[in-house]
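Numbering (the UniProt record's numbering), first residue to last: 1 to 95.
Report on the following structure.
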């Protein structure tokens, strides 16, 4: 008979904090060039699909604000989140 402490498998940790939106964090990392994994296209496309208009014309300031609200759901590094949105938030078509 074997005896000893039972060892449970460690729970798998999500790649981002439990309060963070993985899409938002992925977008931030991709926008800042910190990763170029295969998922960047998905994150970038979602980010740049957020557009706001005023009187039928693209509004950089409103778009930046809306994109900022989205990427703010990445709670892991809010400094990087702000930096990414300051650079790319008002851009209409992305890169």
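Ideal Cβ positions, reconstructed from N, Cα and C, are used throughout, including at glycine.
No experiment lies behind these values; they were computed from the predicted model shown.
- Item | Three-way DSSP call (helix, strand, coil) for residue 95 in this model | Taking the first residue of the chain shown as 1, we reach residue 95 at position 95. Coil, per DSSP.
- Task: Work out the CA separation of residue 74 and residue 22 for me, nearest whole Å.
- Result: Looking up residue 22 in the chain shown gives position 22. Looking up residue 74 in the chain shown gives position 74. Residue 22 and residue 74: Cα-Cα distance of roughly 7 Å.
- Query: How many Å lie between residue 19 and residue 45 at the Cα?
  - Reply: Locating residue 19 in the chain shown gives position 19, counting from the first residue. Locating residue 45 in the chain shown gives position 45, counting from the first residue. Going by the C-alpha atoms only, they are around 23 Å apart.
- Query: In three-state terms, what does DSSP make of residue 1?
  - Reply: Locating residue 1 in the chain shown gives position 1, where the first residue counts as 1. Model confidence at residue 1 stands at a pLDDT of 48, short of 50, so the residue's coordinates are unreliable; what they give is reported in the following sentence. Three-state DSSP puts residue 1 in coil, outside helix and strand.
- Item | N-terminal and C-terminal residue of the alpha helix (DSSP H) that residue 42 is part of | In the chain shown, counting from the first residue as 1, residue 42 sits at position 42. Residues 40-48.
- Quick one: grab the DSSP three-state call for residue 54. As a first step, residue 54 is located in the chain shown; it is residue number 54 there, counting from the start. If DSSP states are grouped into helix, strand and coil, residue 54 belongs with the strands.
- Query: In whole angstroms, what separates the C-alpha of residue 38 from that of residue 56?
  - Reply: Residue mapping note: residue 38 aligns to position 38 of the chain shown, counting from 1. Residue mapping note: residue 56 aligns to position 56 of the chain shown, counting from 1. Spanning the two alpha carbons is a distance of roughly 34 Å.
- Buried or exposed: which applies to residue 43, given that a residue is buried once 16 or more other Cβ atoms fall within 10 Å of its Cβ? One-based indexing of the chain shown puts residue 43 at position 43. Buried is the call here.
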